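Residues 96 to 161 in the numbering used here are what the sequence shown lists, from first letter to last.
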Amino acid sequence: MERMDLSQPWFDAGLQIMVHKPPAVGLVYFVHQLYENGYLKSYFWIAISIIIASVFFNDSRSSIGS
96 MERMDLSQPW
106 FDAGLQIMVH
116 KPPAVGLVYF
126 VHQLYENGYL
136 KSYFWIAISI
146 IIASVFFNDS
156 RSSIGS
């Protein structure tokens, strides 16, 4: 077996040996990522717009026949 010397200058310069870390999973992590990237705010405003449009459309259709 060959011995490896890891005391070379490029290891002291900030280059490091990478170690695999399993990704975080779960609903809370998913929602947190949506919030961090700004998607959650956009989805919120889209949902509010759809709800307001639905209420307005249903209200205007019900008053036509009366």
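Note that CB positions come from ideal geometry on N, CA and C, so glycine has one too. Treat the numbers as computed from the prediction; the structure is a model and nothing was measured.
Item checked: Proximity to Ala119 [Cα-Cα], best of Ile147, Trp140, His127 -> Residue 119 sits at position 24 when you count from the first residue of the sequence shown. Checking every option, the nearest Cα to that of Ala119 belongs to His127.
Notebook entry, point to check: Looking at Leu129 and Leu122, is the spacing between their C-beta atoms short of 8 Å?
Noted result: Here residue 122 refers to the residue found at position 27 when the sequence shown is read from its first residue. Here residue 129 refers to the residue found at position 34 when the sequence shown is read from its first residue. For Leu122 and Leu129, no; Cβs fall outside 8 Å.
Margin query: What residue range does the alpha helix (DSSP H) around Glu131 cover?
Written below: One-based indexing of the sequence shown puts residue 131 at position 36. Counting along the chain, the alpha helix (DSSP H) containing Glu131 begins and ends at 122-131.
Checklist line | Distance, His115 Cα to Trp140 Cα | finding: One-based indexing of the sequence shown puts residue 140 at position 45. One-based indexing of the sequence shown puts residue 115 at position 20. Looking at the two C-alpha atoms, the distance is approximately 37 Å.
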